[in-house]
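S.K.:
Protein chains: 2
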Amino acid sequence: MCDQLLQRVKYLEEAVESLNNQLRMNNGCREEDDVNKKTTPETLDGQTESKPGVTISSKKTKKHSKQRPFDFSSHPRRHVALRIAYLGWEYQGFAVQENTDKTVEARLFEALLKTRLIQDRQTSNYQRCGRTDKGVSAFSQVITIDLRSSLFSPGLGVTLPDKTPSGTYPKTGTPAKNSAPAGSELEYLKMLNRVLPQDIRLLDWAPAADGFSARFDCQSRTYRYYFPRGALDVELMAEAAQRFVGTHDFRNVCKMDVGNGVLQFQRTILAVTIRPFEENASGNPEDPQAPNDPYELFIFEIKGLAFLYHQVRCMMALLLLIGQKLESPEIINQLLDVASNPRKPQYSMAVDFPLVLYGCDFPGLAWQGGGAELHCASAALQQQWARSAVETHVYRGMLRGLEAMGAESSKSCWLVEGSRMKNYKPLLERPCCESLEARIDHFVKRGRLERDDGENGGEAVHRGKRSKHVHDSAQPSTTKLN
Amino acid sequence: MCDQLLQRVKYLEEAVESLNNQLRMNNGCREEDDVNKKTTPETLDGQTESKPGVTISSKKTKKHSKQRPFDFSSHPRRHVALRIAYLGWEYQGFAVQENTDKTVEARLFEALLKTRLIQDRQTSNYQRCGRTDKGVSAFSQVITIDLRSSLFSPGLGVTLPDKTPSGTYPKTGTPAKNSAPAGSELEYLKMLNRVLPQDIRLLDWAPAADGFSARFDCQSRTYRYYFPRGALDVELMAEAAQRFVGTHDFRNVCKMDVGNGVLQFQRTILAVTIRPFEENASGNPEDPQAPNDPYELFIFEIKGLAFLYHQVRCMMALLLLIGQKLESPEIINQLLDVASNPRKPQYSMAVDFPLVLYGCDFPGLAWQGGGAELHCASAALQQQWARSAVETHVYRGMLRGLEAMGAESSKSCWLVEGSRMKNYKPLLERPCCESLEARIDHFVKRGRLERDDGENGGEAVHRGKRSKHVHDSAQPSTTKLN
Chain Y
39 MCDQLLQRVK YLEEAVESLN NQLRMNNGCR EEDDVNKKTT PETLDGQTES KPGVTISSKK
99 TKKHSKQRPF DFSSHPRRHV ALRIAYLGWE YQGFAVQENT DKTVEARLFE ALLKTRLIQD
159 RQTSNYQRCG RTDKGVSAFS QVITIDLRSS LFSPGLGVTL PDKTPSGTYP KTGTPAKNSA
219 PAGSELEYLK MLNRVLPQDI RLLDWAPAAD GFSARFDCQS RTYRYYFPRG ALDVELMAEA
279 AQRFVGTHDF RNVCKMDVGN GVLQFQRTIL AVTIRPFEEN ASGNPEDPQA PNDPYELFIF
339 EIKGLAFLYH QVRCMMALLL LIGQKLESPE IINQLLDVAS NPRKPQYSMA VDFPLVLYGC
399 DFPGLAWQGG GAELHCASAA LQQQWARSAV ETHVYRGMLR GLEAMGAESS KSCWLVEGSR
459 MKNYKPLLER PCCESLEARI DHFVKRGRLE RDDGENGGEA VHRGKRSKHV HDSAQPSTTK
519 LN
Chain P
39 MCDQLLQRVK YLEEAVESLN NQLRMNNGCR EEDDVNKKTT PETLDGQTES KPGVTISSKK
99 TKKHSKQRPF DFSSHPRRHV ALRIAYLGWE YQGFAVQENT DKTVEARLFE ALLKTRLIQD
159 RQTSNYQRCG RTDKGVSAFS QVITIDLRSS LFSPGLGVTL PDKTPSGTYP KTGTPAKNSA
219 PAGSELEYLK MLNRVLPQDI RLLDWAPAAD GFSARFDCQS RTYRYYFPRG ALDVELMAEA
279 AQRFVGTHDF RNVCKMDVGN GVLQFQRTIL AVTIRPFEEN ASGNPEDPQA PNDPYELFIF
339 EIKGLAFLYH QVRCMMALLL LIGQKLESPE IINQLLDVAS NPRKPQYSMA VDFPLVLYGC
399 DFPGLAWQGG GAELHCASAA LQQQWARSAV ETHVYRGMLR GLEAMGAESS KSCWLVEGSR
459 MKNYKPLLER PCCESLEARI DHFVKRGRLE RDDGENGGEA VHRGKRSKHV HDSAQPSTTK
519 LN
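If you read the protein sequences in the order shown, they are chains Y and P. Counting in the working numbering, the first sequence runs from 39 upward without gaps. Counting in the working numbering, the second sequence runs from 39 upward without gaps.
(1) So residue 46/Y contacts chain P; which residues on that side make the cut at Cβ distance below 7 angstroms?
(2) I'd like to know whether the C-beta of residue 267/P is nearer than 8 angstroms to at least one C-beta of chain Y.
(3) Taking 8 angstroms as the limit between beta carbons, can you name the residues of its chain near residue 267/Y, skipping five residues before and five after?
(4) If we count the other Cβ atoms within 10 Å of its Cβ and call it buried at 16 or more, is residue 149/Y buried or exposed?
(5) Indicate whether at least one CB of chain P lies closer than 8 angstroms to the CB of residue 254/Y.
(6) Could you tell me which of 406/Y, 49/Y, 446/Y and 370/Y sits nearest to residue 466/Y, measuring between CA atoms?
(7) In this structure, what does DSSP give as the bridge partners for residue 115/Y?
(8) Which same chain residues end up closer than 8 angstroms to residue 276/Y when comparing Cβ atoms and leaving out the 5 residues on each side of it in sequence?
(9) Determine, for residue 394/Y, whether the minimum Cβ-Cβ distance to residues of chain P falls below 8 angstroms.
(10) Sort 127/Y, 132/Y, 347/Y and 295/Y by Cα distance to residue 475/Y and report the nearest one.
(11) Could you check where the beta strand (DSSP E) with residue 243/P kicks off and where it finishes?
(12) Within the continuous beta strand (DSSP E) that includes residue 316/P, where are the two ends?
(13) For residue 223/P, list the residues DSSP reports as bridge partners.
(14) Could you spell out where the beta strand (DSSP E) holding residue 395/Y opens and where it closes?
(15) Between which residues of its own chain and residue 162/Y is the CB-CB distance below 6 angstroms, once the five residues before and five after are set aside?
(16) Got a sec: is the Cβ-Cβ distance from residue 67/Y to anything in chain P below 8 angstroms?
(17) Thinking C-alpha only, which one of 254/P, 299/P, 168/P and 414/P is nearest residue 502/P?
(18) List the residues that DSSP assigns as beta-bridge partners of residue 335/Y.
(19) Output yes if chain P places a C-beta closer than 8 angstroms to the C-beta of residue 51/Y; else output no.
(20) How should residue 137/Y be labelled, buried or exposed, when 16 other C-beta atoms within 10 angstroms of its C-beta is the threshold for buried?
(21) Using the Cα positions of residue 249/P and residue 116/P, report the straight-line distance between them to the nearest angstrom.
(22) Taking the straight line between their C-alpha atoms, what separation do you get for residue 463/Y and residue 355/P?
(23) Which residues, taken in chain order from the stretch 159-174 of chain P, show a beta carbon closer than 8 angstroms to some beta carbon of chain B?
(24) Please report whether the beta-carbon of residue 78/Y lies at a distance below 8 angstroms from any beta-carbon of chain P.
(25) Looking at the strands, I want to know which residues DSSP matches up with residue 159/P.
(26) Determine, for residue 440/P, whether the minimum Cβ-Cβ distance to residues of chain Y falls below 8 angstroms.
(27) Name the two residues that bound the continuous beta strand (DSSP E) containing residue 141/Y.
(28) For residue 433/Y, return the contacting residues in chain P, with the cut-off set at a CB-CB distance below 7 angstroms.
(29) Using a Cβ-Cβ cut-off of less than 7 angstroms, list which residues of the stretch 288-314 of chain Y approach chain P; keep chain order.
(30) For a contact defined as C-beta to C-beta under 7 angstroms, what are the partners of residue 123/P on chain Y?
(31) Rounded to the nearest angstrom, what separates residue 398/P and residue 257/P at their Cα positions?
(32) Helix, strand or coil for residue 489/P per DSSP?
(33) Taking only beta-carbon atoms, is residue 272/Y less than 8 angstroms away from chain P?
(34) Residue 286/Y CB to nearest chain P CB: under 8 angstroms?
(35) Under a three-way DSSP split, which group does residue 470/Y fall into?
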């Protein structure tokens, strides 16, 4: 009897373990075990790569996987800029987060570690141009980082390893699988794209001088926000958008992030346009009879030196209200007039999925050119476009059919749920958020900010002892991008 | 010791059961319990409706929910046609299936039962015009069914309840929540759309004479297949497509379903076109310099009396091969020549998501008009279109950026993964599937079909004793649509 029970216990224990494993995999729970067993999802070009034994970051790793020890110190290092494109819809944002693994950076570092291009994040001298939020995509995110190099001779950004006592460079063992022809650099784009998920692609790279920083050396950033005309007065929006150009205090057109040390809200917008996606659109603009097509797509494109947290989405929210004739274009001037309007009225920012960090400008970087990687990225993207475009036209075909049956076109803004028209409350009549001063007070009380008497009797505010991040507040603070 | 083991066994058994339940829920396994607790997902117009206690079909129900007994016999019944639109991408097909609850019909019957418009499926006199497969959508699916009516006077399709001994009609108790003004019919579309998921909409209804059948009285069916130009020779495809028009044996252009009693493959195609989605496309067709835009969308539209299983997708597969110049248009004539080519070469059908059952023609039905329901459906669809269109343009914007960086456009067909160009094997050189005769033999051996000596010495085949479905094979058999 006891023997039978023992057998039964053993059987059930195995069953419980097996079920737990299934549940973990189904829940996508990324424990180290699962990560190490992770298989790269099938890519569109049919390549799969799955190597056990990759750790994400030394911070979280409890188990060390079966990696062959790799002697990074015998390899040259090179400071480089990498240009990255990604579709942000399936991610919780660009920057690594504690409570989720589903970030672009997490995938990036997995790839950098798997390819042994870096030893770990902490020592990789990593800087990013900006952060994009959950649901936001990028065509031109730029990072700078130190990667393993194959160049044993001086080159831009190259740091050579120490020579051996005999005066030569260390041998690096059998050539790595991906080593390029002698004398040329490692094929960074190819190596990384092979192990990255399909919705994250490296498009270009550039050698960079040692002090070059993606964060501080970016000359300008360009965002795009795509939207359909619907019932919007797009011409009015285009006119209103020009009011953003120039240097203004944008505290009423962003989400203030005082807790992270963002204390001044003056930013410079270099250019703004709203234009049709198809420049040579069908329909003759000179024909007054041609009605505006509600299904026409437009781009709101904005170029600035640097942006505040959610700034572009707040700007877009205002433009959409103007386009729906719920606010006049003057509202922009009023909200930029922080003397008259020191506190931000409560309004929602525009949704995330149409936003793309489209360009980051780094003059002086010698981009090497994506070559074959661009063709592959293009081919994969074309298939994704095809699927999306077909679905869009299935919807559109049904809408045409409904129109033929007598359905009327909706008057509300198609990008937001529900209609705002009934019970619309003008922005300037709404309750306001806390003022900047009140927020500073709040953090001063908690010790995260400190007030000093500055020179000339003025007041200065800087990071306090209890601040989460200690850095010189005179530098552009952790500018969170949209 | 044994007591401890017994306790351990009990504990482990409970753990196994609990884990199994979690796995079932995670896997979306729709057992009756889960169905009964199902909450309608948040609809785009903000309405949610969740009533426990709905049973799907009496066949599977073990639990009966807490429904107030409803006396259907005291209500009039009405034979009606309902026109249904749905987006098929999230469903396992239109028709109810044993191993999944995620079908359009399942949702339909839930709604019909929840609104008490029918008592149960078996007694509802239900017929459907056709079946669409997993991933396939419809703008115009039509069903006929007997619904509860509020008309106590004779009307088209109305069956009055038996009168009470006093010679009057039975009282139907307190007016139902949804009862229409006295003397008018129940608001079928409104009642059902309120409880259906957002991706299934009733667009119209018509009273129907008692014998009217969605299945047998359909005069024609029209399908649409949306596709981008890419590198396809669309003009060649349009010319080739005309070869399908007329009455032909389509056994080589479908998936033969002999096991379900489909024994003859002659079908009539009334019309075929391939045309741009935007009829007034930008670009002057008379301008020989204007290059064909690979991102232009086209519609393959086909109208026929009735279709075989997967017929449209097989036709599209052939047209895509022709468009890629991998086959010549003559291949269509060759495959329709079943005397010369009695067996179908192995080839994959086109993917599912671009296909829409766009129209079903029922002359003589007096459609009542969708009214407000059409506006609601249109508004919801516009929001879905907006989201889809924005995503499409995010892809497109990046593709333009890649082109500007020097990427070349892919030459392969964008609707299928991978390139077929290398190692392409012409259809007529490929291995073939079983012939019709061989398949018939196969089922005759198993008793599901029987051969008889027909009149005049010919042979007739009909359903056998062991056939799954017993019906007269002279009738159009269970014609599975695409």
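Each residue gets a CB set at the ideal place from its N, CA and C atoms; glycine is no exception.
M.R.: This is what the structure gives:
(1) For this step, residue 46/Y is matched to residue 8 along the first sequence. Per Cβ cutoff of 7 angstroms: 47.
(2) Position 229 of the second sequence, counting from 1, holds the residue named residue 267/P. For residue 267/P, no Cβ of chain Y is located within less than 8 angstroms of the residue's own Cβ.
(3) As a working mapping, residue 267/Y is identified with position 229 in the first sequence. 330, 331, 332, 333, 334, 335 and 336, listed in sequence order.
(4) Locating residue 149/Y in the first sequence gives position 111, where the first residue counts as 1. Residue 149/Y comes out buried.
(5) The sequence position of residue 254/Y within the first sequence is 216, counting from 1. By this cut-off, residue 254/Y is not an interface position.
(6) The count along the first sequence starts at 1 and reaches residue 466/Y at position 428. When only C-alpha atoms are compared, the closest one is 370/Y.
(7) As a position in the first sequence, residue 115/Y is number 77, starting the count at 1. In DSSP, residue 115/Y forms a bridge with 186/Y and 197/Y.
(8) If you number the first sequence from 1, residue 276/Y lands on position 238. Counting only Cβ-Cβ distances below 8 angstroms, and skipping sequence neighbours, we find 311, 312 and 313.
(9) Looking up residue 394/Y in the first sequence gives position 356. Chain P has a Cβ within less than 8 angstroms of the Cβ of residue 394/Y.
(10) Stepping through the first sequence from its first residue, residue 475/Y is reached at position 437. If we check each option's Cα against that of residue 475/Y, 295/Y comes out closest.
(11) Position 205 of the second sequence, counted from the first residue, corresponds to residue 243/P. Residues 238-245.
(12) Stepping through the second sequence from its first residue, residue 316/P is reached at position 278. Where residue 316/P is concerned, there is no enclosing beta strand (DSSP E), given that its DSSP letter is neither H nor E.
(13) The sequence position of residue 223/P within the second sequence is 185, counting from 1. According to DSSP, residue 223/P bridges with nothing at all.
(14) To locate residue 395/Y, count along the first sequence from 1; it is residue 357. Run containing residue 395/Y: 393-399, per the beta strand (DSSP E) assignment.
(15) For the purposes of this step, residue 162/Y is taken as the residue at position 124 of the first sequence. Cβ within range, chain order: 156, 183 and 184.
(16) The count along the first sequence starts at 1 and reaches residue 67/Y at position 29. Since pLDDT at residue 67/Y reaches only 35, below the 50 mark, its modelled position is unreliable, and the value read off the structure follows with that caveat. No, because no Cβ of chain P sits closer than 8 angstroms to the Cβ of residue 67/Y.
(17) Residue mapping note: residue 502/P aligns to position 464 of the second sequence, counting from 1. Comparing Cα positions, the closest option is 299/P.
(18) To locate residue 335/Y, count along the first sequence from 1; it is residue 297. Note: residue 335/Y sits in a beta bridge opposite 266/Y.
(19) Taking the first residue of the first sequence as 1, we reach residue 51/Y at position 13. Taking 8 angstroms as the CB threshold, residue 51/Y lines the interface with chain P.
(20) Taking the first residue of the first sequence as position 1, residue 137/Y is located at position 99. Flag for residue 137/Y reads exposed.
(21) Along the second sequence, one-based indexing puts residue 249/P at 211. Along the second sequence, one-based indexing puts residue 116/P at 78. Each residue's Cα considered, the two are about 12 angstroms apart.
(22) Looking up residue 463/Y in the first sequence gives position 425. Looking up residue 355/P in the second sequence gives position 317. Taking the straight line from one Cα to the other gives about 54 angstroms.
(23) The question asks about chain B, but that chain is absent: this structure's protein chains are Y and P.
(24) As a first step, residue 78/Y is located in the first sequence; it is residue number 40 there, counting from the start. Only weak support is given to the placement of residue 78/Y: the predicted model assigns it a pLDDT of 34, under 50, and the value that follows is read from those uncertain coordinates. No, no contact with chain P.
(25) The count along the second sequence starts at 1 and reaches residue 159/P at position 121. Answer is none; residue 159/P lacks a bridge partner.
(26) Within the second sequence, the letter at position 402 stands for residue 440/P. Yes, contact with chain Y.
(27) Reading the first sequence from its first residue, position 103 is the one you call residue 141/Y. That residue, residue 141/Y, is in no beta strand (DSSP E); it is neither H nor E in DSSP.
(28) On the first sequence, residue 433/Y is found 395 positions in, with the first residue counted as 1. 419, 422, 423 and 426, listed in chain order.
(29) Taking 7 angstroms as the upper bound on Cβ-Cβ separation, chain P lies near no residue of the stretch 288-314 of chain Y.
(30) The residue given as residue 123/P occupies position 85 in the second sequence. Ordered by position in chain Y, the residues that pass the 7 angstroms Cβ test against residue 123/P are 436.
(31) Numbered from its first residue, the second sequence carries residue 398/P at position 360. Numbered from its first residue, the second sequence carries residue 257/P at position 219. Taking C-alpha positions only, residue 398/P is separated from residue 257/P by approximately 8 angstroms.
(32) Sequence index remark: in the second sequence, residue 489/P carries index 451 (1-based). Three-state result, residue 489/P: strand.
(33) Indexing the first sequence from 1 puts residue 272/Y at position 234. Any Cβ of chain P closer than 8 angstroms to the Cβ of residue 272/Y would place that residue at the interface, and such an atom is absent.
(34) Within the first sequence, the letter at position 248 stands for residue 286/Y. Not a single CB atom of chain P sits nearer than 8 angstroms to the CB of residue 286/Y.
(35) On the first sequence, residue 470/Y is found 432 positions in, with the first residue counted as 1. Of the three classes helix, strand and coil, the one that applies to residue 470/Y here is strand, per DSSP.
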